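Asks:
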Amino acid sequence: MGKLGKVDFVPFSKVDGIEERLKEGKISATRCKKCKNIYLPPRMDCPECLDEEMEWVDCEGKGTLVTYTTIHAAPAGFEDDVPYTICLVDVEGGGRLVGWLDGKEEDLKIGMGVSIGIRDLPEERMIYSITLE
Amino acid sequence: MRTGVVGIGHGKFGRREVTVQELAFEPFREALEDCGLHQKDLDALIVGSSPEYHRQRSLSGVVAEYLGMNPKPTFLVEAACASSSAALATADAYIRAGIYDTVAVLGVQKMLELSTPEILALMGRVGDVQWESGFGTTFPGYYAMFAHRHMFEYGTTREQMAAVAVKNHHYGTKNPNAMFQKEITAEKALASRIVASPLTLYDCCANADGAACMIVTNEETAKKAETPIWMAGLGSATAPMSVLRREKLSEIPSAIDAARNAYKMAGIEPKDVDVADVHDCFTIAEILAYEDLGFCEKGGGGKMIEEGETHIGGRIPVNVDGGLKSKGHPVGATGVSMAVEAVKQLRGEAGERQVDGAEIALMHNVGGIGQYCFVNILRR
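Chains as they are written, first to last, in the numbering used here: chain A, 1 to 133; chain B, 1001 to 1380.
#1: Could you tell me the distance, in whole angstroms, from the CA atom of residue 120(A) to the CA atom of residue 98(A)?
#2: Taking DSSP's pairing of strands, which residues face residue 1081(B) in a bridge?
#3: For the 8 Å Cβ check, are there 3 or more pairs between the segment 1209-1222 of chain B and the segment 1010-1020 of chain B?
#4: How about residue 59(A) and residue 93(A): are their beta carbons less than 7 Å apart?
#5: Rounded to whole angstroms, how far is the Cβ of residue 1225(B) from the Cβ of residue 1364(B), which I believe are closer than 8 Å?
#6: Please determine if the segment 1304-1320 of chain B and the segment 1062-1082 of chain B are in contact, where contact requires at least 3 C-beta pairs separated by less than 8 Å.
#7: For chain A, check one thing: does any of its Cβ atoms lie closer than 7 Å to the Cβ of residue 1120(B)?
#8: Looking at C-alpha atoms only, which residue of 1084(B), 1114(B) and 1079(B) is the closest neighbour of residue 1016(B)?
#9: Classify residue 1283(B) as helix, strand or coil using the three-state DSSP reduction.
#10: Look at the Cβ atom of residue 1044(B), then the Cβ atom of residue 1073(B), and state whether they are nearer than 7 Å.
#11: Inspect the beta-carbon positions of residue 95(A) and residue 132(A) and report whether they are closer than 7 Å.
#12: Taking 7 Å as the CB-CB limit, is residue 78(A) close to chain B?
#13: Name the DSSP beta bridge partners of residue 1275(B), please?
#14: Let me check one thing: in DSSP terms, what residues is residue 57(A) bridge-paired to?
#15: Counting only C-beta atoms, is residue 89(A) closer than 7 Å to chain E at any point?
#16: Identify the contact partners of residue 1130(B) in chain A, using a Cβ-Cβ distance below 8 Å as the criterion.
#17: Quick check on residue 12(A): buried or exposed, where buried means 16 or more other Cβ atoms within 10 Å of its Cβ?
#18: Go ahead and label residue 1159(B) buried or exposed: buried means 16 or more other beta carbons lie within 10 angstroms of its beta carbon, across all protein chains shown.
#19: Which residue's Cα is closest to the Cα of residue 1029(B): 1177(B), 1106(B) and 1205(B)?
#20: Check whether the Cβ atoms of residue 1121(B) and residue 76(A) lie closer than 7 Å to each other.
#21: Anything in chain B within Cβ reach of residue 81(A), meaning under 7 Å, just list it in chain order.
#22: In whole angstroms, what separates the C-alpha of residue 1318(B) from that of residue 1355(B)?
#23: Hey, out of 1026(B), 1080(B), 1034(B) and 1040(B), whose CA is closest to residue 1051(B)'s CA?
#24: Report yes or no: is there a C-beta of chain B within less than 7 Å of the C-beta of residue 47(A)?
#25: Give the residues of chain B in contact with residue 86(A), contact being defined as C-beta atoms less than 8 Å apart.
#26: Can you tell me whether residue 1251(B) is buried or exposed, with buried defined as 16 or more other CB within 10 angstroms of its CB?
#27: Residue 1278(B) and residue 1262(B) - do their beta-carbons sit closer together than 7 Å?
#28: Report the three-state DSSP secondary structure of residue 1233(B) (helix, strand or coil).
#29: Could you compute how far the alpha carbon of residue 1189(B) sits from the alpha carbon of residue 1195(B)?
#30: Determine the burial state of residue 1054(B): buried for a count of at least 16 other Cβ atoms within 10 Å of its Cβ, exposed for fewer.
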């Protein structure tokens, strides 16, 4: 999404505004103005009330580890990154995101509290970075 | 009104140095010979395949021409790894609606004509490309995350996963169409290289070329066959593609829903199933399937394989054709391959891997990482 992720697969989206927020260090979700549902990953169309009135909300950057894996067989574009550990994190305040672990896989325990940050990659790209509390 | 299966054909899975239409020809001819019908007796050809693997665009037209099906209608049905189950469900609906009487359902996939870089690029786009693929998620990576979650929630072990691989490779030695026909040991499986932790190479099925075909027809015509096999229950369902939008990651929710629909239509319960083919794209996937299909209680899948309940002679033999694990997984062909195996078992034609007296067979075909699932119940 714009600059989020090591490789970009999606040139356009209604949630392009996330890029500016990431640069400001914000972990952001969207909220439907009508039903107040929170979406992370963010989206601009509410599937509940079929409404398009959304607003951005920022999260604290805290969450719970749902599961993880360390990728050893790399897909295209990640050849120089393996092994890297992918974490799924339930974010405090609602929603879930995928991030890269900044730490050791051996230290992970599902259900543990983690911190979510934003790490800069070359070519102005950014990823969610997960650290242990 | 119910749909009957009268003809089956199954090609050799593996690395095949033939074109996609040549691949399709083999099981098509076999299925027609099996029921003594000809192209003129068919009302349509419905093809299940995942088009992104092929150089040839608009596949079903090319295949229909090569199979001598012109001017009969044809079209492609896609649901990732469950494409040909979706094709079968479509054929069933056409037949029960009375639009077509007899249809050839073909699952076909040529996967190994792509170069390694092309395969790696495709592999990097299996997930939600907007929010997940940019972080380097992969197919094994998703199932690896399900595995870690299942280990955490239920205490499932790596040894139990390895036992799935050992079983399926064992039965693969009895299936001449399987890509791999070699026994493996648990030690070898556990010591193989890590693909995505905790999964190692022997937890993963292999890409393959392959095709399978079945001729399905209306009740009246099917009754004239020697041993018609009936499509007794068809269930299908979906779930969020993204793991970021799925409530539980220790199950495939679409499989639970699809199974419920199939059991209801067939009027049976899980305990009535005599033999099953489940979507073991990874060893953990087979363990999830036992639970999602109600073969055991939630969390009991690891114990079920450990205690031999899914071997021949056990409570419900599973993947005794070798499963995706040893047959190989030509994605679009896998659904019909499973259905063909079910028909063989119900006709008593499964040879060395026959489950004696099988009356009811189940097939469970997952598309992608569970965004689609098809569960079908076939009976004599």
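Yeah, the Cβ is synthetic: ideal placement off N, Cα and C, and Gly gets one too.
Note that the coordinates shown come from a computational prediction; the quantities given were computed from them, not determined experimentally.
Replies: Put simply:
#1: To locate residue 120(A), count along the first sequence from 1; it is residue 120. To locate residue 98(A), count along the first sequence from 1; it is residue 98. So the two alpha carbons sit approximately 15 Å from each other.
#2: By 1-based counting over the second sequence, the position of residue 1081(B) is 81. Note: residue 1081(B) sits in a beta bridge opposite 1079(B).
#3: In short, these stretches touch, since the Cβ pair count reaches three.
#4: What you label residue 59(A) is simply residue 59 of the first sequence in a count that begins at 1. What you label residue 93(A) is simply residue 93 of the first sequence in a count that begins at 1. Against a cut-off of 7 Å, the Cβ pair of residue 93(A) and residue 59(A) comes out as a contact.
#5: For this step, residue 1225(B) is matched to residue 225 along the second sequence. For this step, residue 1364(B) is matched to residue 364 along the second sequence. No, residue 1225(B) and residue 1364(B) are not in contact; Cβ-Cβ is about 26 Å, not under 8 Å.
#6: Fewer than three beta-carbon pairs drawn from the segment 1304-1320 of chain B and the segment 1062-1082 of chain B are found closer than 8 Å, and the two stretches are therefore not classed as touching.
#7: Along the second sequence, one-based indexing puts residue 1120(B) at 120. Yes, because at least one Cβ of chain A sits closer than 7 Å to the Cβ of residue 1120(B).
#8: As a first step, residue 1016(B) is located in the second sequence; it is residue number 16 there, counting from the start. The option with the nearest alpha carbon to residue 1016(B) is 1114(B).
#9: Locating residue 1283(B) in the second sequence gives position 283, counting from the first residue. Correct three-state label for residue 1283(B): helix.
#10: Counted from its first residue, the second sequence places residue 1044(B) at position 44. Counted from its first residue, the second sequence places residue 1073(B) at position 73. In this structure, residue 1073(B) lies closer than 7 Å to residue 1044(B) by Cβ.
#11: In the first sequence, the residue the question calls residue 95(A) occupies position 95. In the first sequence, the residue the question calls residue 132(A) occupies position 132. 7 Å or more divides the Cβ of residue 95(A) from the Cβ of residue 132(A).
#12: Position 78 of the first sequence, counted from the start, is the residue given in the question as residue 78(A). Contact with chain B is found for residue 78(A), since one of that chain's Cβ atoms lies less than 7 Å from the residue's Cβ.
#13: To locate residue 1275(B), count along the second sequence from 1; it is residue 275. 1361(B), per the DSSP bridge assignment.
#14: Taking the first residue of the first sequence as position 1, residue 57(A) is located at position 57. Assignment of beta-bridge partners to residue 57(A) by DSSP yields 29(A).
#15: Annotation note: the requested chain E is absent from the structure, which comprises protein chains A and B.
#16: Counting from one through the second sequence, the residue named residue 1130(B) turns up at place 130. Neighbours of residue 1130(B) on chain A, chain order: 1, 9, 10, 13 and 41.
#17: In the first sequence, residue 12(A) corresponds to position 12, counting from 1. Answer is exposed; the Cβ neighbour count stays below 16.
#18: One-based indexing of the second sequence puts residue 1159(B) at position 159. With fewer than 16 Cβ atoms within 10 Å of its Cβ, residue 1159(B) is classed as exposed.
#19: As a working note, residue 1029(B) is residue 29 in the second sequence. By alpha-carbon distance to residue 1029(B), the top candidate from 1177(B), 1106(B) and 1205(B) is 1106(B).
#20: For the purposes of this step, residue 1121(B) is identified with residue 121 of the second sequence, where counting begins at 1. For the purposes of this step, residue 76(A) is identified with residue 76 of the first sequence, where counting begins at 1. Taking a C-beta distance under 7 Å as the contact criterion, residue 1121(B) and residue 76(A) qualify as a contact pair.
#21: As a position in the first sequence, residue 81(A) is number 81, starting the count at 1. Those within 7 Å of residue 81(A) in chain B are 1136.
#22: By 1-based counting over the second sequence, the position of residue 1318(B) is 318. By 1-based counting over the second sequence, the position of residue 1355(B) is 355. One C-alpha to the other measures close to 10 Å.
#23: Translated into the one-based positions of the second sequence, residue 1051(B) becomes position 51. Relative to residue 1051(B), the option among 1026(B), 1080(B), 1034(B) and 1040(B) whose CA is nearest is 1080(B).
#24: As a first step, residue 47(A) must be located in the first sequence, where it is residue number 47. Interface criterion not met: the Cβ of residue 47(A) is under 7 Å from no Cβ in chain B.
#25: Within the first sequence, numbered from 1, the residue matching residue 86(A) stands at position 86. Per Cβ cutoff of 8 Å: 1135, 1136, 1137, 1141 and 1145.
#26: Position 251 of the second sequence, counting from 1, holds the residue named residue 1251(B). Buried is the call here.
#27: Along the second sequence, read from residue 1 onward, the residue named residue 1262(B) stands at position 262. Along the second sequence, read from residue 1 onward, the residue named residue 1278(B) stands at position 278. Residue 1262(B) is not a Cβ neighbour of residue 1278(B), given a cutoff of 7 Å.
#28: Residue 1233(B) sits at position 233 when you count from the first residue of the second sequence. In the displayed model, residue 1233(B) falls within a strand according to three-state DSSP.
#29: Counted from its first residue, the second sequence places residue 1189(B) at position 189. Counted from its first residue, the second sequence places residue 1195(B) at position 195. Roughly 12 Å separates the two Cα atoms.
#30: As a working mapping, residue 1054(B) is identified with position 54 in the second sequence. The residue in question, residue 1054(B), is buried, as its Cβ has 16 or more Cβ neighbours within 10 Å.
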